[in-house]
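Everything on this sheet refers to the single structure shown next.
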Amino acid sequence: MNLIRYIFGEKVNYNKNEYKEEFENLRISINMQRAINIAIILALLNIVLIIIDLLIYKPMRIYTPQYLYLYYSHLIAFHLILAWFAFLLINRYYKKVINEKIICYIFVYMIMYWCIFMSLNAIYINGQTSAYLICALVISARLYSTINEGVFLYLTSIALFISGLIIFISKNPSLLYGSIVNATVVTIFAYILSTVNFKNFYKDFINNKEIIKKRSELEEINKKLIEHEKLRGDFFANISHELRTPINVIYSAEQVMELNLKKSQGYDMSKYLKMVKQNSFRLIRIISNLIDITKIDALSFDVKFRNLNIVKIVEDITISVAEFIENKGLTVIFDTSIEEKVIACDPDLIERIMLNLLSNSVKFTKRGGSILVSIYLEEDKVCISVKDSGIGIPDNMKEIIFDRFIQVDKSTTKNCEGRGIGLSLVKSLVEIHKGTISLNSVISKGSEFIIYLPDELCFKEDVHENIINLEDSRIEKINIEFSDIYN
Numbered sequence: 001m002n003l004i005r006y007i008f009g010e011k012v013n014y015n016k017n018e019y020k021e022e023f024e025n026l027r028i029s030i031n032m033q034r035a036i037n038i039a040i041i042l043a044l045l046n047i048v049l050i051i052i053d054l055l056i057y058k059p060m061r062i063y064t065p066q067y068l069y070l071y072y073s074h075l076i077a078f079h080l081i082l083a084w085f086a087f088l089l090i091n092r093y094y095k096k097v098i099n100e101k102i103i104c105y106i107f108v109y110m111i112m113y114w115c116i117f118m119s120l121n122a123i124y125i126n127g128q129t130s131a132y133l134i135c136a137l138v139i140s141a142r143l144y145s146t147i148n149e150g151v152f153l154y155l156t157s158i159a160l161f162i163s164g165l166i167i168f169i170s171k172n173p174s175l176l177y178g179s180i181v182n183a184t185v186v187t188i189f190a191y192i193l194s195t196v197n198f199k200n201f202y203k204d205f206i207n208n209k210e211i212i213k214k215r216s217e218l219e220e221i222n223k224k225l226i227e228h229e230k231l232r233g234d235f236f237a238n239i240s241h242e243l244r245t246p247i248n249v250i251y252s253a254e255q256v257m258e259l260n261l262k263k264s265q266g267y268d269m270s271k272y273l274k275m276v277k278q279n280s281f282r283l284i285r286i287i288s289n290l291i292d293i294t295k296i297d298a299l300s301f302d303v304k305f306r307n308l309n310i311v312k313i314v315e316d317i318t319i320s321v322a323e324f325i326e327n328k329g330l331t332v333i334f335d336t337s338i339e340e341k342v343i344a345c346d347p348d349l350i351e352r353i354m355l356n357l358l359s360n361s362v363k364f365t366k367r368g369g370s371i372l373v374s375i376y377l378e379e380d381k382v383c384i385s386v387k388d389s390g391i392g393i394p395d396n397m398k399e400i401i402f403d404r405f406i407q408v409d410k411s412t413t414k415n416c417e418g419r420g421i422g423l424s425l426v427k428s429l430v431e432i433h434k435g436t437i438s439l440n441s442v443i444s445k446g447s448e449f450i451i452y453l454p455d456e457l458c459f460k461e462d463v464h465e466n467i468i469n470l471e472d473s474r475i476e477k478i479n480i481e482f483s484d485i486y487n
């Protein structure tokens, strides 16, 4: 029952398969090669049979004219095979003007009808119809025919063969009925064999494609796992460095203070206390960034959107760091094309974003350089630009600069530390605002980071809510964000 269900019940609808064209090309290619092999064998066989006809069967032609027909059939078959080969070569020379599927089936029908004639002719010689039966079985076993192709081939061939039997041996009912039964049974078996072969071939093809596809997916996953493992290794190496450096500085400062306290009670420790404080801020900054990145990844980051004047927020942040930046020998300018623009935002996150971008500009801009902060509208977006005249970012880094632990080669900037956590966090914070961030940069001329925030309001707060200016809190945030910039 399973075999019957497999043969007649299970449909193969490869016309809707994504591999249809590739499968069909492979099927035609295999069928064509096998047809060529069969043609070569038949050509050689006919040469041998022609020799046998001339040496052995020639005297018998006087009594049995079918031997003469047999001789002619071998000659015709041999020349037809040669003509078919010539046609195939010409078609390939002219880059397959005719589909080779058609050429293959020309050969199949040519051989099938030749074998039908051979069988009908052999009935008069030895009463056998083996030529047709062998041909049907060989074609079903060696060539992959679709179900429709198989139905048409075997129906037409058995119909033609039975018609020939009725015409030539109708006067011998027992031989006629026996030959019809044998031919019908073998033809049905040949069709079943052809169908099973085709379905197995199709399933093997699909399974191989799926295996290749899965293998490719696994290789891609494995590649990503290797990359993630490398990033994980880099992560721990960089974090170890980031944590070890300020701890070493704090420990060294503590040792110096302890040593000098023993020597002199009036020793000025302000320099070392400043070092301790700055590196403590560095540790706080690193840990805060890591915690925030982890929260963002876990979708548990706390955000409080309010309708606020984004121009005032950015201006206040820029002014609050202006003195620090100017003490580094840089100029900072704030410019806006709009006096007021109320949008939905989290002021703490905007402050975090701006301090990080300004900190980066200070790190990578030499003394005498400048930083320009500007705000403008572009369609339905509020654009915040932080532009500097620093070292710039190479083209090969622009695509990955927002990845974690990616940093421009710091060989040109010896007065700063950092391992690229900040820009990754900035991008995440901007995306929390449903915004985007882009980079324009030219080596040795500077970089410009542009934040695009949607011009939207939220409906939980008053549009003109004022910001409580916690100056002490902002000063501490500035000290933390700029803690990895040395004097």
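The numbers in UniProt numbering rise by one with no breaks, and the one at position 375 of the sequence shown is 375.
Quick reminder that beta carbons are idealized off the backbone N, C-alpha and C, glycines included.
Quantities reported herein were computed from a predicted structural model and do not represent experimental measurements.
So, are the CB atoms of residue i and residue j less than 8 Å apart?
i: residue 289; j: residue 377; result: no
i: residue 133; j: residue 183; result: yes
i: residue 431; j: residue 441; result: no
i: residue 498; j: residue 180; result: Given that the chain is displayed from residue 1 to residue 487, the structure contains no residue 498 and the question cannot be resolved.
i: residue 286; j: residue 243; result: yes
i: residue 249; j: residue 222; result: no
i: residue 82; j: residue 103; result: no
i: residue 537; j: residue 305; result: Nothing can be reported for residue 537: it is not among the residues displayed for the chain, which extend from 1 to 487.
i: residue 215; j: residue 143; result: no
i: residue 190; j: residue 137; result: yes
i: residue 313; j: residue 350; result: yes
i: residue 141; j: residue 176; result: no
i: residue 202; j: residue 23; result: yes
i: residue 159; j: residue 85; result: no
i: residue 101; j: residue 28; result: yes
i: residue 292; j: residue 301; result: yes
Rounded C-beta distance between residue i and residue j? I'm assuming under 8 Å.
i: residue 362; j: residue 330; result: 7 Å
i: residue 384; j: residue 451; result: 4 Å
i: residue 438; j: residue 296; result: Rounded, the Cβ-Cβ distance is 20 Å, inconsistent with contact.
i: residue 80; j: residue 110; result: 6 Å
i: residue 360; j: residue 422; result: 7 Å
i: residue 73; j: residue 112; result: Not confirmed; about 14 Å, so no contact.
i: residue 382; j: residue 453; result: 5 Å
i: residue 124; j: residue 66; result: 4 Å
i: residue 390; j: residue 368; result: Their Cβ separation, rounded to whole angstroms, is 11 Å, which puts residue 390 and residue 368 out of contact at 8 Å.
i: residue 161; j: residue 119; result: 7 Å
i: residue 355; j: residue 205; result: The Cβ separation is near 60 Å, so there is no contact.
With a CB to CB cut of under 6 Å and the five nearest residues on each side skipped, what residues in its chain are close to residue i?
i: residue 69; result: 121
i: residue 318; result: 334, 373
i: residue 46; result: 74, 77, 78
i: residue 115; result: 131, 132, 135
i: residue 37; result: none
i: residue 411; result: A caution first: residue 411 carries a pLDDT of 46, below 50, which makes its placement in the model unreliable, though a value can still be read off. Excluding residues within five positions, none has a Cβ falling inside 6 Å.
i: residue 315; result: 334
i: residue 332; result: 322, 325, 371
i: residue 71; result: 53
i: residue 276; result: 250, 253
Please work out which residues of its chain come closer than 8 Å, Cβ to Cβ, to residue i, disregarding the five sequence neighbours upstream and downstream, and give them in chain order.
i: residue 338; result: 311, 375, 376, 377
i: residue 108; result: 35, 139, 143, 153
i: residue 42; result: 77, 81, 111
i: residue 149; result: 105
When DSSP builds the beta bridges, which residues end up paired with residue i?
i: residue 54; result: Partner(s): none; residue 54 has no beta bridge.
i: residue 378; result: 381
i: residue 450; result: 385, 438
i: residue 373; result: 334, 386
Below 7 Å CB to CB, which residues in the same chain sit around residue i once its five sequence neighbours on both sides are set aside?
i: residue 146; result: 198
i: residue 365; result: 330, 371, 388, 389, 390
i: residue 456; result: 343, 344
i: residue 399; result: none
i: residue 117; result: 73
i: residue 463; result: Because residue 463 sits at a pLDDT of 39, beneath the cut-off of 50, its placement in the model cannot be relied upon, and the following sentence gives the value as read from the coordinates. Cβ neighbours of residue 463 beyond the five flanking positions: 307, 342, 457.
In chain order, which beta strand (DSSP E) runs of at least 3 residues are fully inside the stretch 277 to 358?
306 to 309, 331 to 336, 342 to 345
Please give the ranges of any alpha helix (DSSP H) in the stretch 77 to 160, keeping only runs that are unbroken, at least 4 residues long and fully inside the region. 100 to 125, 130 to 142
In the stretch 24 to 52, which residue ranges form an unbroken alpha helix (DSSP H) of at least 4 residues, counting only runs that do not cross its ends? none
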